[in-house]
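Notes to accompany the following structure.
2 protein chains.
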Amino acid sequence: MLAVKSRKIAFIGAGNVSWHLAQALATTGHQIISVYSRTMAGSKALAYRLPDAQPTTSLDLHQTEAEIVLIAIPDAALATVAEQIKVKPGTVVAHTSGSQPLSMLGNIAGASTGVFYPLQTFSKVKPIDLAQVPILVEATHEHTQLELEELALSISHRVLPVDSAARQQLHLAAVFACNFTNHLLGISQQLLQEAGLPTELLLPLIKETIAKAAQQNPYTVQTGPAIRHDANVIQAHLQMLQRHPDLQALYQNLTVSIQETGKKGHSAGTTI
Amino acid sequence: MLAVKSRKIAFIGAGNVSWHLAQALATTGHQIISVYSRTMAGSKALAYRLPDAQPTTSLDLHQTEAEIVLIAIPDAALATVAEQIKVKPGTVVAHTSGSQPLSMLGNIAGASTGVFYPLQTFSKVKPIDLAQVPILVEATHEHTQLELEELALSISHRVLPVDSAARQQLHLAAVFACNFTNHLLGISQQLLQEAGLPTELLLPLIKETIAKAAQQNPYTVQTGPAIRHDANVIQAHLQMLQRHPDLQALYQNLTVSIQETGKKGHSAGTTI
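Just so you know, the protein sequences line up as chains Y and D, in that order.
Residues -15 to 256 (my numbering) are what the first sequence spells out, left to right.
Residues -15 to 256 (my numbering) are what the second sequence spells out, left to right.
As structure tokens, then:
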């Protein structure tokens, strides 16, 4: 990581994202001066893990030394908090949301706004190597962009300037690749359980699927009954799903989508 | 792996599955005596990589020393090949298909039939550590079951007896976990490309999704706008997919399926 000037940073929010970002930034030499949460208990839980941080329940930061304010709160609360926050002139205020545009911060008096979005799911109990996590940066002004990129480079190898429109499309892509994929893995485990099989049985195959997708366009290595137009197997599978009409519908939709994509000229694989 | 008695094995088929199984079995001390393919070129390509194997285009093995015959050919050809194959009495004949029942082999005169199914996708160019690949075994007779399990244990740490019904359900589960997941990863890469973003950007997030699914029931760690019933984000995403009506439909179906599953009492996560 890049060695950079130590910055004085205030965190708004003490949830999973703040938890990991604040500790990583403190470790790399920045000074986290305060952690805001709606409750004192919430802010203390994180602030007391950081050497220089005061817990607070006030959004008025304009008497503090904060140079950069990072907002990591639920999307729905973002507009309200942005309206209430007070900072001293020249402060950089950035939110950390993947799905919200930069404009969501509105006009915070005296502030230069930006986005500082770490592309990863966080949970407090699981340590994450932030160095490998892409951080996507956007700002209203060029100098703020550079400041946020420099901050990002102090904790991650992978920093990209990405505007709000592209970030929104990225979020949509993540819904397909992660949220929807997770749901399919859930269905798969449910089916294994119903057959009395261990749920980890498919893990090597799943890992292989992901590894392949990392190397080649997944469309070109698609395998299975759908892309083979194997009507017998597809019918048998739909029959097996009779007790789960919702899964039956999903199976049919995904099969059609794979076949439609196949028509558009991507080649088919042969296994599974 | 278990050190076992060296067996004389004939392979029917010289495709990806035979390619990996035959070489692994030869390496561990078994004798691959012949490789059948419809063309001599096909059978030679594999046979010449094995110390003791004759290439052949004949399914009449009843003058050979084969004790075990492993059939690894496309599902559609299985019934026809099973009708034509000739073996000497007492030979074990097993197919390697995940989706076909044991009964697909019919009655091969003198043979005791079984299934020897390695649960992995194979491609000739990519080496695979078979030791980590589960091998699912089924047989008409107890002694054949033991023979095939012993053979499997000589190349894999993970051998399970699984009957045809459970194996078919496993195959269905694999379609969801691998084929359908691969398609979603393809969609995700397409969306990233459209936004001018690097396709590998989501890889850390995807790996984290898989790692989580390996540790917990995916239903209980589901995240995203669907499980949060975040109507604003869902509407925005559907709007963004307007140019892709098929993806729009798929997004809607998966969202409903996640929400239906959520109703059945699985708890929701908060990120992405």
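Glycine included, C-beta positions come from ideal geometry on N, C-alpha and C.
- Partner residues in the beta bridge of residue 144 (chain D), as assigned by DSSP, are D:120.
- Residues -4, 20, 65, 68, 69 and 70 of the same chain have their beta carbon placed closer than 8 Å to that of residue 43 (chain D), with the five preceding and five following residues left out of the count.
- Neighbours of residue 45 (chain Y) in chain D, taken as residues whose beta carbon is under 9 Å from its own, are absent, since the nearest beta carbon is some 25 Å off.
- Secondary structure of residue 172 (chain Y) (DSSP, three-state): helix.
- Excluding its 5 nearest sequence neighbours in each direction, residue 90 (chain D) has C-beta neighbours in its own chain below 6 Å: 66, listed in chain order.
- Taken through DSSP and simplified to helix, strand or coil, residue 210 (chain Y) comes out as coil.
- The residue among Y:13, Y:12 and Y:41 with its C-alpha nearest the C-alpha of residue 23 (chain Y) is Y:41.
- For residue 139 (chain Y) and residue 195 (chain D), the gap between their C-alpha atoms comes out near 23 Å.
- When the beta-carbon positions are compared, residue 50 (chain Y) and residue 1 (chain Y) stay at least 8 Å from each other.
- Among the CB atoms of chain D, none fall inside 8 Å of the CB of residue 127 (chain Y).
- Taking 8 Å as the CB threshold, residue 167 (chain D) lines the interface with chain Y.
- DSSP, reduced to helix, strand and coil, places residue 54 (chain Y) within a strand of the structure shown.
- In the DSSP assignment, residue 235 (chain Y) falls within the unbroken alpha helix (DSSP H) covering 229 to 247.
- Among the residues of chain Y, those whose CB is under 8 Å from the CB of residue 191 (chain D) are 194, following chain order.
- Per DSSP, the unbroken beta strand (DSSP E) holding residue 98 (chain D) starts and ends at 96 to 102.
- In the displayed model, residue 76 (chain D) falls within a strand according to three-state DSSP.
- The residue from Y:184, Y:102, Y:125 and Y:84 with its alpha-carbon nearest to that of residue 198 (chain D) is Y:184.
- Per DSSP, the beta bridge partners of residue -5 (chain Y) are Y:19 and Y:54.
- With contacts defined as CB atoms closer than 8 Å, residue 178 (chain Y) and residue 153 (chain D) qualify as a contacting pair.
- About 18 Å separates the beta carbons of residue 7 (chain D) and residue 188 (chain Y), which is beyond the 8 Å limit, so they are not a contact pair.
- In the DSSP assignment, residue 219 (chain Y) is bridged to no other residue.
- Under the three-state reduction of DSSP, residue 70 (chain D) is assigned to strand.
- Within the same chain, and ignoring the five residues on either side of residue 92 (chain Y) in sequence, the residues whose Cβ sits closer than 7 Å to its Cβ are 66, 69, 71 and 77.
- Here DSSP, grouped into helix, strand and coil, assigns residue 59 (chain D) to helix.
- Counting along the chain, residue 188 (chain D) sits inside no beta strand (DSSP E); it lies in the alpha helix (DSSP H) bounded by residues 187 to 199.
- Taking a beta-carbon distance threshold of 8 Å, residue 184 (chain Y) counts as an interface residue toward chain D.
- For chain D, the residues of the stretch 105 to 128 of chain Y that bring a beta carbon within less than 7 Å of one of its beta carbons are 105, 106, 116, 117 and 118, in chain order.
- Put simply, the CB of residue 80 (chain Y) is far from chain D, with every gap to its CB atoms at 8 Å or more.
- Looking at the DSSP output, residue 40 (chain Y) shares a beta bridge with Y:20.
- Taken in chain order, the members of the stretch 138 to 164 of chain D whose beta-carbon sits within less than 9 Å of a beta-carbon on chain Y are 142, 144, 146, 149, 150, 151, 152, 153, 154, 155, 156, 157, 158, 159, 160, 161, 162, 163 and 164.
- Annotated three-state conformation of residue 87 (chain Y) is helix, per DSSP.
- The beta carbon of residue -9 (chain Y) sits closer than 6 Å to the beta carbons of 14, 51 and 52 from its chain, once the five residues preceding and following it are set aside; these are given in chain order.
- Taking a contact to require three or more Cβ pairs closer than 8 Å, the stretch 92 to 105 of chain Y and the stretch 137 to 151 of chain Y qualify as touching.
- Between the C-alpha atoms of residue 159 (chain Y) and residue 94 (chain D) there is a straight-line separation of about 55 Å.
- DSSP, read as helix, strand or coil, puts residue -12 (chain D) in coil.
- The DSSP-derived three-state label of residue 109 (chain Y) is coil.
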